[in-house]
Amino acid sequence: MSLTYVCWKLLRAVVTIWLVVTFVFFILRLTGDPVAQLLPDDVDQNTIDHYRRLWGLDQPILVQYWKYITALFQGDFGISFRDGQDALDLVLSRVPKTALLGFTALAFALVFGIPLGVFAALKKNTAFDRFVMGLAVFGFSMPNFFLGILLILGFSLHLRILPSSGSDSWQHMIMPVVTLGTSFGAQIARFTRSSMIDVLNRPYMRTIDAKGAGTSRKLYLHALPNAAIPVVTIIGLKIGELIGSAVITENVFAWPGIGRLLTFSVATRDLAVVQCILMMIALTMVLSNLLVDLLYGWMDPRVRVGTREATSR
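Remember, the working numbering sits 3 above the position in the sequence shown when you count from 1.
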């Protein structure tokens, strides 16, 4: 993999993160004064002015932006307006719970999505194929909050076999993981099926059939490695979406992760915490896409050639 290819991808990642940080900073400050949200309605103007000076909100917005960017380069992500804690420490304290939920849901999606997609492709246009794709469409179309509520109604309120909220045991994870992993698994199954069908129809696969290769050899040594390239894209995107997709699920099941903290911080106009979480989501998305690009370049040399041609024009 060429150094030019890697540097080009890194530059795009840095520019993307800077644009996201800038956009989030200005949008949050244009939506209103957080002091009015955080302080009681009957507070006097002197107190409001005091807190606006304390938090630097009395300065011009461009001055605030410059100080914010300068502080970021020094590792300072700001202080929570609500409780005075360091915003980064507050967010990082919620990361383990969100990571546990997200990666478990992703593992659930991979375990079910990839095999179902492969077998659906091998049984193309059969009843099994139509059944799997019907499940995939259902899983992809079902909103997370609605599926979560259905699971709570069925397994918590009616059957009383699973807890409806919290994160104290592995039993608390079952419904959130299924809720979050269903949509992931459905998309992975669809991508795997279409990619496998495309590979199985290639001329070189017919040549392999003509040579008398067994089904297992054809599938594991030739079809799956070539079909994996598009699937890697969707898996990489799903890793990047773990935090963002967990927001709804964490609120439905009262899961104490980043998504629940983001909802509460937005409601209380805690700018430093909201900025930190959104920056973390953007960073996760950009890094996962960067990893996919680099992995693509390693798996498929044609990607590197196309990038070099585009940058040389």
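We put the CB at the ideal spot given by N, CA and C, even for glycine.
Using 8 angstroms as the threshold, is the segment 79-94 in touch with the segment 150-165, meaning 3 or more CB pairs across them?
-> no
Sub-7 angstroms separation of T107 and V180 beta-carbons | Result yes, Cβ atoms of T107 and V180 sit closer than 7 angstroms.
Host alpha helix (DSSP H) of G78 (start-end) = Counting along the chain, G78 falls outside any alpha helix (DSSP H), and DSSP gives it neither H nor E.
Using three-state DSSP, classify D89 as helix, strand or coil.
-> strand
Where does T73 land, buried or exposed, given buried means 16+ other C-beta within 10 angstroms?
-> So T73 counts as exposed.
Should G78 and Q67 be called a contact, given that it needs their Cβ atoms to be closer than 7 angstroms?
-> The answer is no: Cβ separation not under 7 angstroms.
What residues in its chain sit with their C-beta under 6 angstroms from that of G262, if we drop five residues either side in the sequence?
-> Here the set comprises A249, V250 and E253.
With distances taken from CA atoms, which of L65, S170, S168 and F256 is nearest L33?
-> L65
Short Cβ contact (7 angstroms threshold) for L31 with F84 | Against a cut-off of 7 angstroms, the Cβ pair of F84 and L31 comes out as no contact.
Tell me, to the nearest whole angstrom, how far the beta carbon of A130 is from that of R196; I am working on the premise that it is less than 8 angstroms.
-> Actually they are not in contact, since the Cβ atoms of A130 and R196 sit about 15 angstroms apart, beyond 8 angstroms.
Supposed contact pair L265 and I280 - C-beta distance, whole angstroms, cut 8 angstroms | Indeed they touch by this definition, with Cβ atoms about 5 angstroms apart.
Out of P259, V140, Y207 and V269, state which residue places its alpha-carbon closest to the alpha-carbon of M176.
-> Checked all of P259, V140, Y207 and V269; the closest Cα to M176 is P259.
Which ranges would you report for the alpha helix (DSSP H) in the segment 22-85 if only whole runs of at least 4 residues count?
-> 37-41, 48-57 and 64-76
Would Y207 be called buried (16 or more neighbouring beta carbons within 10 Å of its own) or exposed?
-> exposed
Residue closest to M145, alpha-carbon to alpha-carbon, out of L183, F256, R55 and A270 | L183
Which residues mark the beginning and the end of the alpha helix (DSSP H) in which F106 is found?
-> V98 to L125
Minimum C-alpha distance to V202 - residue among F194, A226 and Q190 = A226
Identify, in the order they occur along the chain, each residue of the same chain with its Cβ nearer than 6 angstroms to the Cβ of T185, setting aside the five sequence neighbours on each side.
-> G142
Please classify F134: is it buried, with 16 or more other beta-carbons within 10 angstroms of its beta-carbon, or exposed?
-> exposed
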